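Here my numbering runs 6 ahead of the position in the sequence shown, where the first position is 1.
Don't be surprised by glycine CBs; every beta carbon is placed ideally from N, CA and C.
Note that the structure is a prediction, hence the values are computed from the model and not measured.
Reviewing the structure listed below.
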Amino acid sequence: MTKKERFNLFIDYFEEHMPVAETELNYSNGFELLVAVILSAQCTDKRVNQFTPALFRSFPVPEVMALSSQDEIFHYIRSVSYPNNKSKHLVGMANMLVNDFNSKVPMTVDELQLLPGVGRKTANVVASVLYDVPTMPVDTHVFRVSERVGLTTRAKNPLESEKQLVKGFPKNKLNIAHHWLILHGRYVCLARKPKCNECGISSFCSYFKKNS
7 MTKKERFNLF IDYFEEHMPV AETELNYSNG FELLVAVILS AQCTDKRVNQ FTPALFRSFP
67 VPEVMALSSQ DEIFHYIRSV SYPNNKSKHL VGMANMLVND FNSKVPMTVD ELQLLPGVGR
127 KTANVVASVL YDVPTMPVDT HVFRVSERVG LTTRAKNPLE SEKQLVKGFP KNKLNIAHHW
187 LILHGRYVCL ARKPKCNECG ISSFCSYFKK NS
């Protein structure tokens, strides 16, 4: 099977079985999405959704968060991974939004990466979800699933994985394919014990072929 055939089979399956695939982070505007994605780094969306409602009530706009302190933010996010770093990043991010971007979330991946706490993956997620920019954010789920299925081959890091996936998926499928890969990794293709017997794409999965 060629890699192109595998990509086509992957798209065909998920278009039929998961025609709607979206982020599981809860947000109501671009600023909230940016905050939530920063907080979700090395943390589950479920955990982030538990404390962002209170955070957003207290800091509804960048101007309010920019006037806060790291200690104030820490109080709301202390149960997240790396709360010290993330509380510092959020205050810095809010200040940069206010001072450099007229309190608006930037539209481009390059501009987004200028913000404290925003790396390439976070920037790709925000640009994709908020502005429908065709990107392929690679988190641990995307990296693992794409390699197991055979969509990527021996990618050494997320950037290599991203480049292979961008090359393999049609441009107009990149955004939803990102969510397909995440959700499949989150609920079926688990890191320690993948649910291969429940998987609908095992017929063209490299990992299943090698281990069945």
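Round the Cβ separation of residue i and residue j to the nearest angstrom and send it over; I've been treating them as touching at under 8 Å.
i       : j       : result
Val-104 : Ala-72  : 5 Å
Arg-154 : Cys-211 : 7 Å
Leu-171 : Ala-27  : That belief does not hold up - the Cβ atoms of Leu-171 and Ala-27 are roughly 15 Å apart, past 8 Å.
Val-135 : Leu-39  : 6 Å
Ile-207 : Phe-16  : 7 Å
Which same chain residues, not among the five before or five after residue i, have their C-beta less than 8 Å away from its C-beta?
i       : result
Gln-48  : Ser-87 and Tyr-88
Met-102 : Leu-120, Leu-121 and Pro-122
Lys-10  : Gly-174
Take residue i and list the residues in its own chain whose beta-carbon comes closer than 7 Å to its own, dropping the five residues that flank it on each side.
i       : result
Ala-60  : Tyr-82
Phe-37  : Val-67, Pro-68 and Val-111
Lys-127 : Pro-143, Val-144, Asp-145 and Pro-164
Lys-92  : Ile-44, Leu-45, Ile-83, Val-86 and Gly-123
Glu-30  : Asp-51
Trp-186 : Phe-20, Met-24 and Ala-27
Lys-177 : Pro-140
Ser-3   : The question about residue 3 has no answer here: the residues shown for the chain are numbered 7 through 218.
Thr-158 : Ser-152, Ser-167, Gln-170 and Leu-171
Tyr-33  : Leu-39 and Ala-42
Ile-79  : Ser-93, Leu-96 and Val-97
Quick check on the burial criterion: 16 or more other C-beta atoms within 10 angstroms. Buried or exposed for residue i?
i       : result
Asn-4   : The chain is shown from 7 up to 218; residue 4 falls before or after that span and cannot be answered.
Val-70  : exposed
Met-99  : buried
Ser-167 : buried
Tyr-193 : exposed
Arg-150 : buried
Asn-130 : buried
Thr-8   : exposed
Pro-200 : buried
Ala-197 : exposed
Gly-174 : buried
Gly-156 : buried
Gly-191 : buried
Sorted by chain position, which residues of the same chain lie with C-beta nearer than 6 Å to residue i's C-beta, five sequence neighbours on each side aside?
i       : result
Lys-94  : Gln-76
Tyr-213 : Arg-154
Met-113 : Tyr-137
Asp-116 : none
Does any residue of chain D bring its CB to less than 9 Å from the CB of residue i?
i      : result
Glu-22 : Absence of chain D from the displayed structure is noted, only one protein chain being present.
Can we count residue i as close to the ligand NAP, meaning its CB is less than 8 Å from some heavy atom?
i       : result
Val-104 : You won't find the ligand NAP in this model; it holds no ligand whatsoever.
Are three or more beta carbon pairs between the region 51-58 and the region 8-22 nearer than 8 Å? No, the region 51-58 is not in contact with the region 8-22.
Does the region 175-185 come close enough to the region 126-142 that 3 or more CB-CB pairs lie under 8 Å? Yes, the region 126-142 touches the region 175-185.
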